[in-house]
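Below: one structure, written as structure tokens.
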Amino acid sequence: MDSTLTPSQKWAPYAYSAGTQLGIDPAFVLAQWLYETGNGTNLGSKKYNNLAGIKSSPNASKGIFDPSDSIHAGYTNLSAFTQDYVKVMNLSYYRDFLKTARSSSDPKTLLKAMNASPWAEADYNTSGFMKYYNEAAKVMGSKSYSGIDLGSIGGDLLDNVNADSLLSILKDKWWMIAAGLVIIAILK
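Note that our numbering has the sequence shown beginning at 22, numbered continuously upward.
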């Protein structure tokens, strides 16, 4: 991936995928990741592909590892992180947040719901978060991430494939693989 891209441009396709799967504003997802990582400066994002501060737990998806220097989960790539992020956000703990996020497009309303959920150990700072949300909305709206190899999302999914998981991926993620292949074909 192009190293001259900003974190928001690099992560936009993954945020779009997560937001679409969850039925919420992808710009909100991207803003959360930018906020959680300090715009890509923290150890979790740089070393472990963990953009949301997901802690290591037995509920984590396949393809992750437990870093020895962190309580947070580590991921082999951003697609594995995105899959786990969607899985975690669909846990019953975040039901109220998702209900609000699916019924409102106001980022401040979503932020209040996120702060009220178990996700936030401390409230997100509204002005700081909104700075990232505005950047995320601009990137998502302008499609300035379109130069990224969006097919890598489908490719990353295939990095995690083994004989046991292939059928599951084909059943659950067929549309992501197909979209990745279509995008690869378009970009070539």
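For every residue, glycine included, the Cβ atom is placed at its ideal position computed from N, Cα and C.
Since the structure is predicted, the reported quantities are computational estimates derived from the model, not experimental observations.
Nearest residue (CA-CA) to residue i, options the options
{"i": "P28", "options": "P128, E57, D46", "result": "E57"}
{"i": "W54", "options": "L43, G162, Y35, Q42", "result": "Y35"}
{"i": "D105", "options": "D117, P128, N136, L72", "result": "L72"}
{"i": "T147", "options": "S138, D117, K133", "result": "K133"}
{"i": "A94", "options": "S100, G74, L112, T62", "result": "G74"}
{"i": "L64", "options": "V109, S91, L119", "result": "S91"}
{"i": "F150", "options": "P139, N111, P128", "result": "P128"}
{"i": "S77", "options": "V109, E142, S38", "result": "V109"}
{"i": "K67", "options": "L99, G162, Y154", "result": "L99"}
Whole-number beta carbon distance between residue j and residue i, since they are thought to touch under 8 Å
{"i": "A157", "j": "L51", "result": "4 Å"}
{"i": "L131", "j": "S125", "result": "6 Å"}
{"i": "Y96", "j": "Y69", "result": "6 Å"}
{"i": "A137", "j": "I45", "result": "That pair is no contact at about 15 Å."}
{"i": "M135", "j": "A141", "result": "6 Å"}
{"i": "V160", "j": "A33", "result": "5 Å"}
Enclosing alpha helix (DSSP H) for residue i [first to last residue]
{"i": "T41", "result": "28-43"}
{"i": "K76", "result": "From DSSP, K76 is part of no alpha helix (DSSP H); its letter is neither H nor E."}
{"i": "T121", "result": "116-124"}
{"i": "T130", "result": "128-137"}
{"i": "Y56", "result": "47-58"}
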